[in-house]
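The numbers in the working numbering rise by one with no breaks, and the one at position 29 of the sequence shown is 9.
Think of the CB as a built atom: it goes at the ideal place given N, C-alpha and C, for glycine as much as any other residue.
As the structure is a prediction and not an experimental result, all values here were calculated from the model.
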Amino acid sequence: MNSIYRIYNTNGQFVFKKIVNAISLKGPFAYHAKSNLKVIPNKTIKYNRFVNDNLLLYITDILKNIFNDELIDYIIGTDADTVFEKSCSEELLKTITTSNKKTVGVVGFVDISHICSKLSIFTLYQYSEYYYAQCLKRLQQSLITHKVNCLSGCVQVFKICEETCGDYILNLFNYLPPEQDNIFNHIRSYASEDRNHICIMMSEYPYVQTKQNLNATAYTKIPMTVQVFLSQRRRWNLGAICNDMLLATRPGIIFYERISAVINLITYMTTPFIFIATIFFIKSIIKNSSL
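In structure tokens:
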């Protein structure tokens, strides 16, 4: 059975919920003196708090209790609204274990959940974007350069090593920009974090490889209202363009990826111009028509 542990701070405020499979902790409550946090089973608080460094220390302590001295070779990432196909994890692990030693990450195939309406305009748009990004762009990266620059956070596997989760790269990735920092760093801190992690890794460790397995399918929910859809577009577009700027300017990026990033930046910057030019063109035809 699963045991549900809700983590609170000393003021009794709920900060995290962890579902642990077959875990056995000492005593009815677990307490960590350094983090000043405790675990209280089966209690509900209506409001959340932000996860902080103390909580991270406490979660690490829980994981140590679960795995003891066992070494972990790979870690699979997913999202709360994602459901794996039965063979998804197996396919991810099969790809990363049978690839060469330089392969440190693999991404699966993100599909749309069956509960979403197939005829919705949001579903049709998302399908076109998913298939373009995964069956064209990422697939050619996986087959040709072996450097997929976006391992979707909802269906990914990483090898536990210095390149993916060592102290150096995590210090770069977990950088929290102060309020006065530039907008570029602020966007990178909250939008498209999964891709940002890979872009930093490819720059700092140019020899690493990442791949895709289209047989590792995961189903995720998509926005079904205009407000949520626009919110997703804003995060994804800003995240993508900032990470393309990263690929275009940081050292260690292979020439092919750098050129691809520059083309993406040019396309992105010319889109508003094309939109405005089209409006003025139509306006000109209406006002100065010779018919």
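Exercise for the section: Tell me residue 192's beta-bridge partners as DSSP assigns them. Expected result: 87
Practice task
Name, in chain order, the residues that DSSP records as bridge partners for residue 137.
Solution key: 56, 86
Handout entry: Segment contact, 8 Å Cβ cut-off, at least three pairs: the stretch 151 to 159 with the stretch 113 to 125
Key = no
Practice task
With DSSP collapsed to three states, give me the class of residue 92.
Solution key: strand
Exercise for the section: Ignore the nearest five residues each way along the sequence and tell me which others in residue 6's own chain have a CB closer than 7 Å to its CB. Expected result: Since pLDDT at residue 6 reaches only 33, below the 50 mark, its modelled position is unreliable, and the value read off the structure follows with that caveat. Taken in chain order, the list of residues that qualify is empty.
Practice task
Would you mind giving the Cβ-Cβ distance between residue 280 and residue 181, rounded to the nearest angstrom? I have them listed as a contact below 8 Å.
Solution key: Since the displayed the chain opens at -19 and closes at 271, residue 280 lies outside it and no answer follows.
Problem - Helix, strand or coil at residue 128 [DSSP, three-state] - result: coil
Practice task
Tell me, to the nearest whole angstrom, how far the beta carbon of residue 140 is from that of residue 55; I am working on the premise that it is less than 8 Å.
Solution key: So it is a contact: roughly 6 Å between Cβ atoms.
Handout entry: Pair within 8 Å by beta-carbon distance, residue 91 and residue 220
Key = no
Practice task
Over the uninterrupted alpha helix (DSSP H) stretch that includes residue 251, give me the two end residues.
Solution key: 235 to 267
Problem - Local Cβ density within 10 Å of residue 328, reported as buried at 16 or more and exposed below that - result: The chain is shown from -19 up to 271; residue 328 falls before or after that span and cannot be answered.
Practice task
Identify whether residue 197 lies in helix, strand or coil by the three-state DSSP scheme.
Solution key: strand
Exercise for the section: Decide if residue 208 is buried, meaning its Cβ has at least 16 other Cβ atoms within 10 Å, or exposed. Expected result: It is exposed - the Cβ of residue 208 has fewer than 16 other Cβ atoms within 10 Å.
Handout entry: Residue span of the alpha helix (DSSP H) that contains residue 103, given as start and end
Key = Segment 101 to 112, the alpha helix (DSSP H) holding residue 103.
Exercise for the section: May I ask you to report which of helix, strand or coil DSSP gives residue 290? Expected result: Outside the shown range of the chain, which is -19 to 271, sits residue 290, and nothing can be said about it.
Practice task
Within the same chain, show all residues whose beta-carbon is closer than 6 Å to that of residue 224, passing over the 5 residues directly before and after it, in chain order.
Solution key: 241, 244, 245
Problem - Residues near residue 102 by beta carbon distance below 7 Å, same chain, minus five either side - result: Within the same chain, residue 102 has close Cβ partners 202, 203, 204, 209.
Practice task
Could you say which of 109, 150, 100, 176 lies nearest to residue 133 if we only look at CA atoms?
Solution key: 176
Handout entry: Host alpha helix (DSSP H) of residue 148 (start-end)
Key = Residue 148 -> alpha helix (DSSP H) spans 147 to 153.
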